[in-house]
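One structure is given here, and the rest of the page talks about it.
In our numbering, the protein residues as written are 161 to 280.
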């Protein structure tokens, strides 16, 4: 399932706090992205059609909950980026970032630790 960048804003709001009503989502996502109510409701409807979220009725109001786990979404998006830009290989990705953005000492230490753990 592909979730667009705009839809991801709605998902992030729901991963942080759920359930949220359409009004809650408009207030939270719409305000931060400068989107109107119609835009946010369109995104909600897209996500419902994709079965990324579900609608529940509680206490007379509709609330929305994610059906996709955030970690699964991050894994799929990360793998997609790796496949598209780096032929599915992790080393060129890390090399790219290291060449274009200096790694902090703690990042280097974490990478070394990860490599050591993977070698075991």
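Every residue, glycine too, gets a C-beta built ideally from N, C-alpha and C.
What separation, rounded to the nearest whole angstrom, lies between the Cα atoms of residue i and residue j?
{"i": "residue 227", "j": "residue 250", "result": "29 Å"}
{"i": "residue 205", "j": "residue 167", "result": "10 Å"}
{"i": "residue 201", "j": "residue 188", "result": "12 Å"}
{"i": "residue 253", "j": "residue 165", "result": "21 Å"}
{"i": "residue 260", "j": "residue 161", "result": "31 Å"}
{"i": "residue 256", "j": "residue 218", "result": "48 Å"}
Based on DSSP bridge pairs, tell me the residues matched to residue i.
{"i": "residue 204", "result": "None, per the DSSP bridge assignment."}
{"i": "residue 180", "result": "224"}
Can you have a look at residue i and say buried or exposed, based on whether 16 or more other CB atoms are within 10 angstroms of its CB?
{"i": "residue 275", "result": "exposed"}
{"i": "residue 248", "result": "exposed"}
- Quick one: any contact between the stretch 171-186 and the stretch 221-238, if contact means 3 or more CB pairs under 8 Å? yes
- Task: At 3 residues or longer, and completely inside the stretch 187-269: list those beta strand (DSSP E) runs for me, N to C.
- Result: 213-218 and 221-226
- Determine, using beta-carbon pairs with one atom in the stretch 215-225 and one in the stretch 176-184, whether at least three such pairs fall under 8 Å. yes
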